[in-house]
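**Student:**
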Amino acid sequence: MDKKMQVLVVDDNEIDCLTTGSFVEKANMNLLVANDPYSALEIIANQEITPEIIVVDWIMPKMNGLELCQKIRELKFTITPYIIMVTSNSLGENEQNALDVGADDFIEKPIHGAIFISRLRVGARIINLQKKLLSLAHTDELTGLLNRRAAIDACKTHLSRLARTEVPLSHCLIISDIDFFKKINDTYGHEMGDRVLVDVSKRLRNSLRPFETVARFGGEEFLLYCEANEKEIKLILERMRKAICTDPYTLNDVSLNLTMSFGCVVIKQNDTHHDINEFIKTADSLLYEVKNAGRDNFKVATFASMKND
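The sequence shown runs 15 to 323 under my numbering.
#1: Closer than 8 angstroms is the cut-off here; do at least three beta carbon pairs connect the stretch 153-160 with the stretch 125-138?
#2: Measure the alpha-carbon distance for A41 versus M274 and round it to whole angstroms.
#3: With a Cβ-Cβ cutoff of 8 angstroms, do I97 and I121 count as a contact?
#4: Taking the C-alpha atoms as reference points, what is the distance between R230 and K305?
#5: Just verifying my parser: in three-state terms, what is the DSSP assignment at T227?
#6: Helix, strand or coil for M99 per DSSP?
#7: So, for L251: in the same chain, excluding its five sequence neighbours on each side, which residues have a beta-carbon less than 8 angstroms away from its beta-carbon?
#8: So, is Q20 buried or exposed, given that buried needs 16 or more other C-beta atoms within 10 angstroms?
#9: Answer with buried or exposed for P65, where buried requires no fewer than 16 other C-beta atoms within 10 angstroms of its C-beta.
#10: T34: buried (16+ other C-beta within 10 angstroms of its C-beta) or exposed?
#11: Could you give the uninterrupted runs of the alpha helix (DSSP H) lying entirely in the stretch 220-296, keeping only those of 4 residues or more?
#12: So, with DSSP's three-state summary, where would you put I63?
#13: If you draw a straight line from the alpha carbon of K18 to that of V69, how long is it in whole angstroms?
#14: Look at the alpha carbon of A54 and the alpha carbon of E62, and state the distance between them as a whole number of angstroms.
#15: Under three-state DSSP, which class holds K313?
#16: I need the straight-line Cα distance from T227 to N60, nearest angstrom please.
#17: Just the C-alpha distance for M15 and S149, rounded to the nearest angstrom, thanks.
#18: Do you know offhand how far L270's Cα is from K197's?
#19: In or out: F293 buried (at least 16 other Cβ within 10 Å) or exposed?
#20: List the endpoints of the continuous beta strand (DSSP E) containing D25.
#21: Contact defined as beta carbons within less than 8 angstroms: I believe L80 pairs with V115. What is the distance between those atoms, to the nearest angstrom?
#22: Can you check the stretch 113-179 for any beta strand (DSSP E) of at least 3 residues that lies completely inside it and give the ranges in chain order?
#23: Between A112 and S102, what straight-line distance do the alpha-carbon atoms span, to the nearest angstrom?
#24: Would you tell me roughly how many angstroms separate the C-alpha atoms of L46 and L176, rounded to the nearest one?
#25: I need the boundaries of the beta strand (DSSP E) containing N44, first residue and last residue.
#26: Measure the alpha-carbon distance for K123 versus M77 and round it to whole angstroms.
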C-alpha cells in the first residue's frame, strides 16, 4: 500500500486552514497544519515528517508567503517539496513573483475544492516522479539492490555511526562474487545469468538484517555491510555460503548449482578514520585469496592485521 502524501498547510487564518485542510483530506492525503511560518519551518526541519507538498498563504504577519517560500528553497532536501502559493489577489505580477521565488503553482482564494484537489494531485505526480528518479539513481535495475554509488554512501553512513557509538562494536565489510559466473552466461545464456543474479540477491538480502547493506557492486560482484564481531561474522558467512549453494537455480528446464566466495574485513571503532575505499580494497584482497585457494569459501581478517602485514 502506497504511503499517503504529506501535505503541510501554512495559514494564520484558522477558518481558511480548516477549509484548505478539508480538501487535502478529501484528496486522501495526510494533513499537517502550521498557523505561522516559523512553526512551518520547524515541521519542515523534522526529518521524520518532512512534508512533500506545502500550501502557503501569501499574507501572514512577521513573514509573508514569499519570504517563507524563499527560506524553504534555501534548505536541502532529498525530495524537493512542491509548493502551492495561495492568495486573494489575482494580479498577474503576484503570480509571477510567487513563481520567481520558488513556488510551483499559484491558486486564488476562495479556493475551488475540485480544482485545488486536482492541483494537489499534480504535485503528487511530480513528487512521485522525483522518488522514481531517485530510486533509479540509487538502485540496480535488475536485482533491486543498491548500486555501487549508493552502496559506498551507505557504508559511509554505517562508519559514521560506528565512530560515534559509545559501546564496543565492530562492523564487517564483505566483497563477494559468484564463482565461474562467466561460464553460466556462456553456457546457458544471459537470461539464465540474470535469473541467477536475481536469486542470489534475494538469498543474500535474506541473510542480513533490514538495516544492513546488500548491494550489487558490479557484474557478479556484491558488497555487504553488517554489524558483527569476528566470531559472529564467521557464522553469518557460513549461513550465506550455504544459502547460495544449497538449492539449485532453475529457469525453464535448466537447473544448476553454484557457489560464491567471500572476503570480509572486520572494522573496529578506531579504524573509522580510514577511507571507505581502503576497507573495500582489503576485503577484495581477501576475496582473491579465497578464489586462489579453490573458491566456495570465505576469509575473515581485521583491518588492523591486514594493515600491519
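Cβ coordinates follow ideal geometry from the N, Cα and C atoms, glycine included.
**Tutor:** For this structure:
#1: no
#2: 50 angstroms
#3: no
#4: 19 angstroms
#5: strand
#6: strand
#7: I188, F276, C278, F312 and V314
#8: buried
#9: buried
#10: buried
#11: 244-259
#12: coil
#13: 16 angstroms
#14: 14 angstroms
#15: strand
#16: 25 angstroms
#17: Confidence in M15 is poor, its pLDDT being 45 and thus under 50, which makes the residue's placement unreliable; the coordinate value appears in the next sentence. If you take the alpha carbons of M15 and S149, they lie about 18 angstroms apart.
#18: 12 angstroms
#19: buried
#20: Where D25 is concerned, there is no enclosing beta strand (DSSP E), given that its DSSP letter is neither H nor E.
#21: 5 angstroms
#22: 119-122
#23: 13 angstroms
#24: 35 angstroms
#25: N44 to A48
#26: 19 angstroms
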